[in-house]
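Numbering (the numbering used here), first residue to last: 3 to 51.
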Amino acid sequence: MTINGSQESQYKQIGNAVPPLLAKAIATSVKAYLNGSSTSPASGMEFIA
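Quick look at the structure:
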């Protein structure tokens with residue numbers, strides 16, 4: 003997949019493609035993982051895969 007356009011346009015395309023609550027859950031999990039505090043899902047979320 004290729005995302006075309008200016009950097010601002012690319013950010014907008016990605017932002018529009020990911021629902022805000024999903025983005026928050028992913029960001030929270032990545033932050034926790036990088037801080038070494040947890041590998042469990044974000045609060046209120048569960049792994050499905």
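In this text, a Cβ means the ideal position worked out from N, Cα and C, and glycines have one as well.
Self-check item: Where I5 falls: helix, strand or coil (DSSP)
Solution: The three-state reading of DSSP puts I5 in coil, since its state is none of H, G, I, E or B.
Quiz prompt | N18 (DSSP reduced to helix, strand or coil) | solution = Correct three-state label for N18: helix.
Practice problem: Rounded to whole angstroms, what's the CA-CA distance from S11 to V32? Just pull it up for me. | Solution: CA-CA distance, S11 to V32, rounds to 25 Å.
Exercise. Using three-state DSSP, classify S39 as helix, strand or coil.
Key: Of the three classes helix, strand and coil, the one that applies to S39 here is coil, per DSSP.
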